[in-house]
Amino acid sequence: MFESQYNDEMEAEVKRLEAKMRAINAGHPEWINACVACGCELADINTDRCAQCL
Ligand SMILES: [Zn+2]
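For the sequence shown, my numbering assigns the number 7 to the initial residue and increments by one for each residue that follows.
Right under this line is the structure:
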């Protein structure tokens with residue numbers, strides 16, 4: 007139970023960091039996420055592409 011919750015939190019943290027790296031790579035470290043293809047801002051960290059690039 008605890009381990010499962012711990013893994014979920016780790017996974018969420020990894021997603022958050024990956025999203026942040028995309029934002030930094032796009033030249034906008036203040037964003038929480040950015041599209042990996044066109045570099046536009048994304049508000050959802052659970053994706054790596056905007057609606058236009060999907
Ligand atoms: Zn895009």
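Backbone N, C-alpha and C define an ideal beta-carbon position, used for all residues, glycine too.
Buried/exposed call for Leu23, threshold 16 Cβ in 10 Å:
What you label residue 23 is simply residue 17 of the sequence shown in a count that begins at 1. Under a 10 Å Cβ-count criterion, Leu23 is classified as exposed, with fewer than 16 other Cβ atoms of the shown protein chains found around its own Cβ.
What is the DSSP secondary structure of Ala18, reduced to helix, strand or coil?
Working through the sequence shown from its first residue, we reach residue 18 at position 12. Helix.
Within the same chain, show all residues whose beta-carbon is closer than 7 Å to that of Ala25, passing over the 5 residues directly before and after it, in chain order.
Start at 1 with the first residue of the sequence shown, and residue 25 comes out as number 19. Ile38, Asn39, Ile51.
Quick one, what's near ligand 2 if you take every residue whose CB is closer than 6 Å to any heavy atom, in chain order?
Absence of ligand 2 from the depicted structure is noted, with ligand 1 being the only ligands included.
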